[in-house]
Amino acid sequence: MWTPVTLIAVLVCLLTLRFLNQLWAHRNYPPGPLRLPIIGGAWRILINFSQDSFMKLAKQYGNVYTLWAGNLPVVVLSGFEAVKEGVINHSEYFNERPVTPFFKALANETGIMFSNGYTWKQQRKFGLVTMRKLGLGKKSIEYQIQEEASQLVDAFANTKGQPFDPTLLITNSVTNVICFLNFGQRFSIGDEDFLKLRNALFQILQSTATLFHFLYDTFPWLMKHLPGPHKKVLENRDHVASFVSKEIEKHKVHQSLHEPQDFIDYYLLQMMKSKRDPNSTYNEENLINSVIDLFTAGTESTTTTLLWGLLLMTNYRDIQGKVQKEIDDILGSSQSFSYQDQKKLPYTNAVIHEIQRYQYILLFGVPRQCSKEVNMFGFCIPKGATVIADLRSVLLDPNQWKTPHMFNPNHFLDQHGHFVEREAFLPFGAGARVCLGEQLARIELFIFFVRLLRAFTFQPPEGVKKIQEKVVVRMTTPPCPYKVCAIPRSNGS
Ligand code: HEM
5 MWTPVTLIAV
15 LVCLLTLRFL
25 NQLWAHRNYP
35 PGPLRLPIIG
45 GAWRILINFS
55 QDSFMKLAKQ
65 YGNVYTLWAG
75 NLPVVVLSGF
85 EAVKEGVINH
95 SEYFNERPVT
105 PFFKALANET
115 GIMFSNGYTW
125 KQQRKFGLVT
135 MRKLGLGKKS
145 IEYQIQEEAS
155 QLVDAFANTK
165 GQPFDPTLLI
175 TNSVTNVICF
185 LNFGQRFSIG
195 DEDFLKLRNA
205 LFQILQSTAT
215 LFHFLYDTFP
225 WLMKHLPGPH
235 KKVLENRDHV
245 ASFVSKEIEK
255 HKVHQSLHEP
265 QDFIDYYLLQ
275 MMKSKRDPNS
285 TYNEENLINS
295 VIDLFTAGTE
305 STTTTLLWGL
315 LLMTNYRDIQ
325 GKVQKEIDDI
335 LGSSQSFSYQ
345 DQKKLPYTNA
355 VIHEIQRYQY
365 ILLFGVPRQC
375 SKEVNMFGFC
385 IPKGATVIAD
395 LRSVLLDPNQ
405 WKTPHMFNPN
415 HFLDQHGHFV
425 EREAFLPFGA
435 GARVCLGEQL
445 ARIELFIFFV
455 RLLRAFTFQP
465 PEGVKKIQEK
475 VVVRMTTPPC
485 PYKVCAIPRS
495 NGS
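Structure, rendered in structure tokens:
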């Protein structure tokens, strides 16, 4: 006789059997927090979530662990050895990005960042070649970065040594560099379209890798119909896409076929050249999303690094002084210098690297997907698993850095004060998916940093001893908003 009690008992037995069966089937996966029905192991990071949550899990479960996001296994690689083994030594199996419902809604597997297979290969190669071409010649991107740096120095000078929050000023300059790269023009800071673009980009990044992102990936059928920040992200993405579309139309009218000036020019030219190629992936959807990728990947990241840089220089005045002395001694007061001069400034170069290491600006790396079952350190990483290289754990790995939790430029200097490259310096990721804008980012960081430190000494506001090194935790990890004083230096330019 089926009474309600026996029915419930049978149901509980069946669910328990199914749960044990799953545990058995996944026994070779790397260990990790208990996988609960529906939410998987996410409960472990959602409780008391912080920038260190992933490194704490590695302490408990080892350098390769599984964190179930609902039904999806997410394998996290922690520390230099595991990340190297995964994304460098097994690079060919970890080249894809996961096509989760949220990423699919954002980019529809087009562009560079969220595409896979042949589309990704073709878009990435085109992106790399074009960035290289735009870096050459008089009108090169480096020249434009110098222009933006001059505007930034002027904007800082206007604060007349009074406390100010540098976030918006830096964001404007860095966004304008990418505008120049994509559209061949910069915008004035008061331009309403520019402000809308800048704010939309900020909103897109704010909700990525948050609870809403997780809920969208776990319950897409429900979240698609519910209001919330995820809807805002998609609206803002549409806003950026329509802005880019208008720019493409303008470029079509004034197309510089013989002298392409920017990313869109080169892309339209490529579309024309490959018109008859049936396998070509050069089309407007890929163009729009590649441009959006350059914006989203290239603005917050560089801005956040510079914000940490100013904060750390303010807090470590002795290091700031040494950088300024090196710049004054080597570059003198002459206005012009180039990225090549970085080789003559080993201490400054070491400080920029240390800023990127000590306050890494991503919560973890950009997720990858495993395209084939891989055995690593005796564990099975299943085909289709999302793989996260925890780059922050690499930059703080106690086996790689003498004083991982101290701001110490000596990590990048030998005993003679020469700059040394470090294998575990992986803020731009590694393998075939390594950051496409690494070179551009390095040039930007160097030029903005040198120009600002040459022109100003950074101090905390009166009555403040040190600016708090508190972090806002989202996909990027900027410092909490802070105020600083930029005191003009007599020899500043
Ligand atoms: C300090 C600045 C930057 C940092 C720390 C950074 C870091 C990263 C990281 C960690 C990845 C993922 C790599 C991986 O999966 O292993 C990435 C990807 C990417 N970055 Fe950057 N990035 C920076 C600046 C830029 C800039 C300025 C651009 C271009 C304007 C850019 C464009 C891209 C693109 C397009 C990808 C996707 C590459 C692909 O999927 O093939 N990034 N970046």
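Last residue of the sequence shown: 497 (the working numbering), numbering continuous.
Here a beta-carbon is modelled for each residue, glycine too, at the ideal position from N, C-alpha and C.
Being a predicted model, the structure only gives us computed values, none of them experimental.
Check: residue i C-beta below 6 Å from any heavy atom of the ligand HEM
i, result
"glycine 441", "yes"
"phenylalanine 432", "yes"
"threonine 307", "no"
"leucine 369", "Rather than leucine, the amino acid found at residue 369 in this sequence is glycine. Because some heavy atom of the ligand HEM lies under 6 Å away, the Cβ of glycine 369 counts as near it: yes."
"arginine 437", "yes"
"leucine 417", "no"
"leucine 400", "no"
"leucine 298", "yes"
"glycine 90", "no"
"alanine 445", "yes"
"alanine 73", "no"
"arginine 128", "yes"
"glycine 121", "no"
"alanine 2", "Here the chain has residues from 5 to 497 only, and residue 2 is not among them."
Nonlocal neighbours in the same chain, by C-beta distance under 8 Å from residue i, ignoring five residues either side
i, result
"leucine 238", "Ala109, Leu110"
"serine 497", "Any answer about serine 497 is weak, because its pLDDT of 49 lies below 50 and its placement is not dependable; what the coordinates show is given next. Here the set comprises Val157, Ser337, Gln339, Arg455, Arg458, Ala459."
"leucine 173", "Leu156, Ala159, Phe160"
"glutamine 328", "Leu457, Arg458, Thr461, Arg493"
"tyrosine 65", "Pro34, Pro35, Gly36, Pro37"
"glutamine 207", "Lys236, Val237, Asn240"
"aspartate 242", "none"
"serine 278", "Ser284, Tyr286"
Member of the options whose CA lies at the smallest distance from the CA of residue i
i, options, result
"threonine 175", "Gln166, Trp47, Phe198", "Phe198"
"phenylalanine 84", "Ala434, Val248, Val488", "Ala434"
"serine 342", "Tyr33, Leu138, Ile149", "Ile149"
"serine 294", "Val476, Glu152, Ile268", "Ile268"
"valine 391", "Leu400, Pro402, Glu377", "Glu377"
"aspartate 345", "Phe218, Phe223, Ile331, His30", "Ile331"
"tyrosine 320", "Lys469, Ala62, Arg22, Leu15", "Lys469"
"asparagine 186", "Leu11, Ile92, Ser144", "Ser144"
"lysine 236", "Ser249, Asp221, Leu205, Glu251", "Leu205"
"lysine 487", "His255, Ile471, Val477, Met317", "Ile471"
"valine 78", "Pro386, Asp418, His409", "Pro386"
"glutamate 427", "Arg101, Val475, Asp401", "Asp401"
"serine 375", "Val103, Glu263, Val16, Gln265", "Val103"
"methionine 410", "Gln419, Leu316, Ala245, Ser260", "Leu316"
"serine 154", "Ile451, Cys17, Ala86", "Ile451"
"tryptophan 312", "Pro8, Glu473, His422", "Glu473"
"asparagine 203", "Leu138, Ser284, Ser95, Val244", "Val244"
"serine 305", "Ile359, Ser54, Pro465", "Ile359"
Distance between beta carbons of residue j and residue i, contact taken as under 8 Å
i, j, result
"proline 413", "isoleucine 323", "6 Å"
"isoleucine 42", "leucine 71", "That pair is no contact at about 15 Å."
"aspartate 394", "leucine 81", "6 Å"
"leucine 272", "proline 170", "Leucine 272 to proline 170, Cβ: 36 Å. No contact."
"threonine 179", "threonine 308", "Rounded, the Cβ-Cβ distance is 13 Å, inconsistent with contact."
"isoleucine 116", "aspartate 297", "5 Å"
Proximal residues to residue i (C-beta, below 7 Å), its chain only, five neighbours per side dropped
i, result
"glycine 45", "Gly36, Pro37, Leu38, Arg39, Leu71, Trp72"
"phenylalanine 218", "Ala46, Ala73"
"arginine 437", "Asn99, Arg372"
"proline 231", "none"
"leucine 335", "Phe341, Asp345"
Exposure of residue i, with buried meaning 16 or more beta-carbon neighbours within 10 Å
i, result
"proline 350", "buried"
"serine 192", "exposed"
"glutamine 404", "buried"
"phenylalanine 23", "exposed"
"isoleucine 491", "exposed"
"threonine 134", "buried"
"valine 476", "exposed"
"leucine 227", "Note that residue 227 corresponds to methionine in the displayed sequence, not to leucine. Result: buried."
"alanine 389", "buried"
"histidine 262", "exposed"
"cysteine 439", "buried"
"threonine 407", "exposed"
"valine 68", "buried"
"tyrosine 270", "buried"
"cysteine 484", "exposed"
beta-carbon residue i near the ligand FAD non-hydrogen atom, thresh 6 Å
i, result
"methionine 117", "Although the ligand FAD was asked about, the structure shown includes only the ligand HEM as ligands."
Contacts around residue i, its chain only, beta-carbon distance under 6 Å, and the 5 residues preceding and following it disregarded
i, result
"threonine 114", "Glu289, Asn290, Asn293"
"leucine 399", "Arg361, Tyr364"
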